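Sequential numbering from 970 applies to the sequence shown in the working numbering.
Inspection log for the structure reproduced underneath, given as structure tokens.
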Amino acid sequence: MSENQPPITPEEEREIRETLRQLSVPKARPEFRAKMKSQFTEAGSPDVYPMTSSNTASDRGFKRGLVWGGLAAAAALALFLFTQPASSPSWTASVTNGPSELVVDGETIHTADSQTLGANATVYNPGPNALVIGIEDVIQCVLAPNTEIVLGTTTKDGKSELSATLDQGQMMAVTGPEFPGLTLTTEEAEIRITGTLFGMLKEADSTCVCVFEGKVLAKLNGELITIPEESRLTLFSNQDPIPMSLYPLSLKEEEMKGMLASR
970 MSENQPPITP
980 EEEREIRETL
990 RQLSVPKARP
1000 EFRAKMKSQF
1010 TEAGSPDVYP
1020 MTSSNTASDR
1030 GFKRGLVWGG
1040 LAAAAALALF
1050 LFTQPASSPS
1060 WTASVTNGPS
1070 ELVVDGETIH
1080 TADSQTLGAN
1090 ATVYNPGPNA
1100 LVIGIEDVIQ
1110 CVLAPNTEIV
1120 LGTTTKDGKS
1130 ELSATLDQGQ
1140 MMAVTGPEFP
1150 GLTLTTEEAE
1160 IRITGTLFGM
1170 LKEADSTCVC
1180 VFEGKVLAKL
1190 NGELITIPEE
1200 SRLTLFSNQD
1210 PIPMSLYPLS
1220 LKEEEMKGML
1230 ASR
């Protein structure tokens, strides 16, 4: 099912806007935001290269992905928000804009209502509507059509946290007050998230990571590097990564940050 996705159309953009207007904003405690802000401020950032133009198909695809991601961010939602409950996390999934389908562990479910997912489920959204998955106080997620992700858990520094594998498609995530950490992998990348708002696009031969707020750690050649706020990194399966580059925030991304600040 891994294919390059076609450019987003005006009609699809309108549908996404309508979908996002119907989604609620995840709750977050002021002390959580203050803690995250302090961590992000003290962490510092690596050298960042000036943005250069690129005509690669993957880079063009990521710019298109940011359009979708910016719309999702404008509603302060994303693909992965996680918690650390005492027992296995209780994921739920729902489809917006009426009845649709989702595929869980290979089984097609026809639904217009909320569905409970297992902690290690493989979830595929065949479309045509956006799919929202999440855990209360941890993560609210929006999966674009033709997106597949595998949920899981892992252990980091002796502590249990969430893991996921993005096989294809587009996702965004904003972390909630009970977020324990997330390791997100694709064929090209292993990304470590500790609390942020980010977007990812997985195409046939590349992974693009965009950080809107906070920071994300990426493992390259066995070493962790920091992708700072308002930066992006493109990784290919058969060549060196494109250097990190600053990018100007779009109007929708500015709106997104404003909504996050008001939570």
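All C-beta atoms in this analysis are idealised placements derived from N, C-alpha and C, irrespective of residue type, glycine included.
Model, not experiment: these values are computed from the prediction.
Looking at the backbone, the Cα of V1180 and that of I1078 are separated by about 33 Å. DSSP places E1070 inside the beta strand (DSSP E), whose first and last residues are S1069 to V1073. Taking the Cα positions, L1166 is about 31 Å away from E1076. Cα atoms of V1073 and T1061: separation of roughly 12 Å, rounded to the nearest angstrom. For P1210, the CB contacts under 8 Å within the same chain, skipping 5 residues up- and downstream, are L1189, L1202, T1203 and L1204 in chain order.
Comparing C-alpha distances from E1117 to each of K1171, S1129, E1157 and T1176 shows the shortest one belongs to K1171. In this structure, T1176 sits away from T1152, with a CB-CB distance that is not shorter than 7 Å. Judged by beta-carbon spacing, V1101 lies within the 7 Å limit of V1111, meaning their Cβ atoms are closer than that value. Per DSSP, the beta bridge partners of V1180 are F1167 and S1200.
Of all alpha-carbon atoms in R1161, Q1208 and P1197, the one lying nearest the alpha-carbon of A1187 is that of R1161. N1089 is bridged by DSSP to nothing; it lacks a bridge partner. Residue environment analysis places N1094 among the buried positions, since at least 16 neighbouring C-beta atoms fall within 10 angstroms of its C-beta.
For G1145, there is no enclosing beta strand (DSSP E), as DSSP gives it neither H nor E. V1111 sits in a strand when the DSSP states are folded into three classes.
In the same chain as G1096, and ignoring 5 residues on each side of it, the C-beta atoms closer than 7 Å to its own belong to P1114 and N1115, in chain order. Of the candidates A1173, L1193, A1142 and T1124, A1173 places its Cα closest to the Cα of N1207. Taking C-beta separations shorter than 6 Å and ignoring five residues to either side along the sequence, the partners of E1159 in its chain run K1188, following chain order. N1089 is classed as exposed because its beta carbon has fewer than 16 other beta carbons within 10 Å across all chains shown. Its chain contains S1175, T1176, L1204, F1205 and S1206 as the residues whose beta carbon lies nearer than 7 Å to that of E1157, once the 5 sequence neighbours on both sides are disregarded; these appear in chain order. Shown here, T1155 sits in coil according to DSSP, grouped into three states, outside any helix or strand.
As the crow flies, the alpha-carbon of G1127 is around 40 Å from that of S1069. CA-to-CA, the gap between D1106 and T1144 works out to about 9 Å.
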